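Asker: In our numbering, the protein residues as written are 12 to 395. Can you keep this structure in mind? I'll have questions shortly.
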């Protein structure tokens, strides 16, 4: 019933509003309204919103770097100190050990005798066992021997005996005799024990100690015999052949410049001066240098060159100092004599290479003569 009333009301309203429309339009409208008038009740259920948890993964990468301490060496203090010493040379530190030592050349085979040498002779020289400066305490005996330094040495077999020697220099070396009856002894320098030695040897041996260096100046050396001996030795014998001493050339002190207080200039005037003439070096003209040498073998140990003692066939050279260039060369004749001549303006040296001996030759036209006496070296002499 309600539907019918509703359709009639709607149809009347449409007819009034659309009177000029044709019947086809009205019929269509009526049909359309009839179809639209069907109302269906629809219940729509809206689902309640569902809360979905959102999982957010946060990755935090934290890099923590711990610095590793590194050890860096610095030069604030020395880490390693190395001292290089030549073979056969021992450094001896005395009360003046902080002084600066000059280079000490090794001694040659034949050294000048301190007895006949001038006190102003510098370099190496030999004090024989009979030199007045060597003082003996105890029962020491002098004995001759062709194998000794200059034909003799001193020995003792009494323990507790000693040798005292005062000298000027910066290095020292002892020559001694070792044998089957050799004992033991100590070396003292300036009241300090330096080292100990054993004089035992199965056969005769003329040996020498190493070189001991110290500050240049006065020193006292002592050789003290011990009451001990080598188990293989038959006695306590200690024998001194000679003492070699090195005395360097004294250094000339440099003059000191007095210090003055600078004062302000009262007046300054600029002048044009003449140019300074620079000195020129003029080389010395070369001259003829003559030198002769005699080399002999002291067969009879009298320290004098006798007839028939000359050494034949030894080469002798004249060389330039610094460059070592050979200027001329000769060989000794049957008398051990050789003469050399060269033209030069350089420093010249006469050298016997086989024996390691040399002499400095002055650059002059005058003949300069040199001699070399070799000590005898046959069979060992009588040894206690």
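Cβ atoms here follow ideal geometry from the backbone N, Cα and C, with glycine treated the same way. Source: prediction; values computed, not measured.
Apart from the five residues on each side of it in sequence, which residues of its chain come closer than 6 Å, Cβ to Cβ, to residue 376?
Answerer: So the list reads 298 and 299, once near-sequence residues are dropped.
Asker: Which class does residue 322 belong to by DSSP, given the choice of helix, strand or coil?
Answerer: Residue 322 falls in the coil class under three-state DSSP.
Asker: Using the three-state DSSP reduction, which class does residue 375 fall into: helix, strand or coil?
Answerer: In this structure, residue 375 counts as coil in the three-state DSSP scheme.
Asker: Just to confirm before moving on: does the CB-CB distance between residue 192 and residue 156 stay below 8 Å?
Answerer: No, the pair does not count as a contact, with Cβ atoms beyond the cut-off.
Asker: Give every residue of the same chain whose Cβ lies closer than 6 Å to the Cβ of residue 327, excluding the five residues on either side of it in the sequence, and list them in chain order.
Answerer: 304, 341, 349 and 363.
Asker: Please state if the CB of residue 154 and the CB of residue 166 are separated by a distance shorter than 8 Å.
Answerer: Cβ distance < 8 Å, so residue 166 and residue 154 count as in contact.
Asker: When the Cα atoms are used, what is the spatial distance from residue 190 to residue 213?
Answerer: Going by the C-alpha atoms only, they are around 6 Å apart.
Asker: Quick check on this structure: which residue in 194, 124 and 135 has the alpha carbon closest to the alpha carbon of residue 118?
Answerer: That would be 135, whose Cα lies nearest to the Cα of residue 118.
Asker: Alpha carbons only, please: which of 371, 208, 262 and 233 is nearest the one belonging to residue 247?
Answerer: With distances taken between Cα atoms, residue 247 lies closest to 208.
Asker: Taking buried to mean at least 16 other C-beta atoms within 10 Å of its own C-beta, is residue 253 buried or exposed?
Answerer: With 16 or more Cβ atoms within 10 Å of its Cβ, residue 253 is classed as buried.
Asker: Taking residue 142 as the reference, give the member of 240, 163 and 149 with the closest Cα.
Answerer: The option with the nearest alpha carbon to residue 142 is 163.
Asker: Please classify residue 388 as buried or exposed, where buried requires at least 16 neighbouring CB atoms within 10 angstroms.
Answerer: When all chains shown are included, residue 388 counts as exposed.
Asker: With a threshold of 16 other CB atoms inside 10 Å of the CB of residue 125, please say whether the residue is buried or exposed.
Answerer: That one is buried.
Asker: Starting from residue 181, trace the beta strand (DSSP E) both ways and give me its first and last residue.
Answerer: Residues 173 to 189.
Asker: Just mark residue 288 as buried or exposed, buried being the case when its beta carbon has 16 or more other beta carbons within 10 Å.
Answerer: With fewer than 16 Cβ atoms within 10 Å of its Cβ, residue 288 is classed as exposed.
Asker: What are the start and end residues of the beta strand (DSSP E) that includes residue 254?
Answerer: Residue 254 -> beta strand (DSSP E) spans 249 to 258.
Asker: Which residues mark the beginning and the end of the beta strand (DSSP E) in which residue 273 is found?
Answerer: Note, residue 273: premise wrong, no beta strand (DSSP E); not H, not E.
Asker: Could you say if the stretch 276 to 293 and the stretch 323 to 339 meet the contact criterion of at least three C-beta pairs nearer than 8 Å?
Answerer: No, because fewer than three Cβ pairs between the stretch 276 to 293 and the stretch 323 to 339 fall closer than 8 Å, the two stretches do not touch.
Asker: Would you kindly check if the distance between the Cβ of residue 255 and the Cβ of residue 314 is under 8 Å?
Answerer: Cβ distance not < 8 Å, so residue 314 and residue 255 don't count as in contact.
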